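Accompanying notes for the structure given below.
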Amino acid sequence: MRQMLPLFRSEIIKLKSSPVWYILMLGMILTATGVFIGHLLDVHNMVRINVDPWERYFRAALAIFNLFIVVPYTVLLVSAVIFVEQRANAWKYLYTLPHSRGKFYFTKWTLVAFLYVLSIFFLLTGVVLSGYWLDILRPEYEFVYHQPQFGYLLQEMGHVFVASLGVISFQYWLSLRFRNILVPLGVGVFGFVFGIIMSVTGQKLALYLPYSLPMIVRDFDMFRNEHIQDSFITGLNNVELHSILMAALFLILGYWQERSRKVE
Amino acid sequence: MPTLEVQDLHFSYQRQHPILTDLNFTVPTQSIYGFLGRNGAGKSTTIRNILGLLQPNRGSIQIFGEDMKQAKRPIFRRIGALIEAPSLYPNLSAQDHLRIACRYQAVDETRIPIVLKQVGLFDARTKPSRHYSTGMKQRLGLAMALLHEPDFLILDEPINGLDPQGISDVRELLLDLQQQGKTILLSSHLLSEIEKIASHVGIIKDGTLLFEGDQKALQNWKQEQQQLEISVSNPERAKELLPANTFVQQDRQRIIVQQLDEKAVAQLVRDLVKAELEVYEIKRLTSDLEQLFMEINQDIVS
């Protein structure tokens, strides 16, 4: 792990002036804007007397993020990170350095996961700031009289993160397998649409589709998949367990593929 | 002990179409080994096999006396490579690229200005590489290969895109590195450049090595390969008139003989005429090597 640190730092330098940062901001902006506009326009239905406004606000933000943002966001993020290497045709340089291919492979995956976590913090900041801004325009929400429940939001985002590991690893494998960025993007868009359909219709298949997992891991009063079960041993539900298994499967598959790849 | 020893290297993408066929060559330590061949001859494929980017079907590659398959990581610590166009991130400057390379190679960042000056990129160090000319990109690739002061440099067409001054600078730099005890494997399709810089030469054609040796051996070999073709009315009689041990082969009215000097050719013509033979044609044959050189030169012209 310590040996991976210099490689990780190099990965961060590579992102200088790259579109990855815009993608990171995009997830936050879209979510914060969505929840902000919803609350701004529908103030009479949203305001509840003696109810913490942050809780409702956060739940709405998470619902938007989980259903509409997280999958396309993940697809874009993974494709953009891998595209940095593809565009530079950097594999022939990287694989002649005194590091194993596995080290590069897992460092890059760690970078994607790190950027995902970073985007959660961006999201958190964006949603809270939009809440305070909303309070200026609609003081009846009374955001300023309550403390934002960061713990709750982080916990929920943690579940979404675990449920996203499957799609992260699947897209990661896809992006490395197909050197043309259009392939992982195209599959990602199709997966997103199919995932939404499977999720909102409560299909059992949604539990086995990496694109659906982050959408159904939490219901947020929208739709409930009756096949979701909590595991008392692990503290995770079967959606999260499926995501972890898929992540492991595609990570191993990608590693095996990368180890023996011909670099032309 | 040679720095690089390639033995019976065989590589193909598809079984029926071998790209490299039983390739053997040796790069002596502290030499500049010019790996010469026309485009598509198999130079880059050979280099990719040496560096482990492609897996050979069979054969062995020994670098610093160690098997490449067994000791890849320690060997890579002592190698600097530039394979065709350098791998550059368009959004990053030369300085950023070298900062990244410093982390990969565990090299102190104080080396950065030194190599930048060495390749003549110091003044453009903060400019994003997307604004670099082809030559500047090539220099940056060279800087990345030199950063960790490797013992063995593998450079695939490093002077591509360089202007004459740039080519001259790189030549000086490589000669200087050789003086410092480094070994350099330099692939190129430019015969003139290889002749100017290389102490040893290997010539590859269609995935097979045609020639290997030092500059002197190359000149001798060229001489040995030269032959004369003589067309006469009575080849059997003409063969009797040839200088001793010069006959090579006969094809109908044509006989092939070893290259003769000008006086010997004049004497042979006189003897043939005196013997009342009709001499239809005498011409110098181009050897495989010369043919190859001509093809290489045609590549340059085109």
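Just so you know, the sequences run in chain order A and B. Take any residue in the first sequence, note its place counting from 1, add 6, and you have its number in this note's numbering. Take any residue in the second sequence, note its place counting from 1, add 800, and you have its number in this note's numbering. Virtual Cβ for every residue (Gly too), placed ideally from N, Cα, C. In this text the structure is predicted, and so the values were computed from the model without any measurement.
| query | result |
| --- | --- |
| Sub-8 Å separation of G852 of chain B and I819 of chain B beta-carbons | no |
| Distance, G1002 of chain B Cα to H897 of chain B Cα | 33 Å |
| L103 of chain A: contacting residues in chain B (beta-carbon distance under 8 Å) | F876, Y904, Q905 |
| Per-residue DSSP class, three states only, for D956 of chain B | strand |
| Three-way DSSP call (helix, strand, coil) for S1102 of chain B in this model | Legend: pLDDT at S1102 of chain B = 44, less than 50; position of this residue unreliable, value from coordinates given subsequently. Three-state DSSP puts S1102 of chain B in coil, outside helix and strand. |
| Any C-beta of chain A under 8 Å from that of Y833 of chain B | no |
| CB of R848 of chain B within 8 Å of CB of H810 of chain B, strictly | no |
| Min CB distance S987 of chain B to chain A below 8 Å | no |
| Beta-carbon gap between L942 of chain B and P964 of chain B smaller than 8 Å | no |
| Cα-Cα separation, L182 of chain A to S831 of chain B | 39 Å |
| Closer than 8 Å to chain B by CB, A38 of chain A | no |
| Extent of the continuous alpha helix (DSSP H) to which E909 of chain B belongs | Here E909 of chain B belongs to no alpha helix (DSSP H), and DSSP marks it neither H nor E. |
| Selection of the stretch 92-119 of chain A by Cβ proximity to chain B, strictly under 8 Å | R93, A94, N95, A96, W97, K98, Y99, L100, Y101, T102, L103, P104, H105, S106 |
| Distance CB(F256 of chain A)-CB(T116 of chain A) smaller than 8 Å | no |
| Stretch-stretch touch, CB-based, cutoff 8 Å, three pairs: the stretch 9-27 of chain A with the stretch 885-892 of chain B | yes |
| Sequence ranges, alpha helix (DSSP H) only - wholly within the stretch 881-945 of chain B, length at least 4 | 894-905, 911-918 |
| Separation of S844 of chain B from S1102 of chain B, as counted between CA atoms | Only weak support is given to the placement of S1102 of chain B: the predicted model assigns it a pLDDT of 44, under 50, and the question is left unresolved by the model. |
| Reference L882 of chain B, options B:E1012, B:R1084, B:L986, B:Q814, closest by Cα | B:L986 |
| Neighbour-count burial assignment, M34 of chain A, 16 or more Cβ in a 10 Å radius | buried |
| Simplified DSSP state of E1081 of chain B, which is helix, strand or coil | strand |
| Reduced DSSP category for H165 of chain A - H, G, I as helix; E, B as strand; rest coil | helix |
| Residues that DSSP places opposite L985 of chain B in a beta bridge | B:Y833, B:I954 |
| Cβ-based neighbour list, S1031 of chain B, same chain, cut-off 6 Å, excluding 5 preceding and 5 following | Q1053, R1054, Y1080, E1081 |
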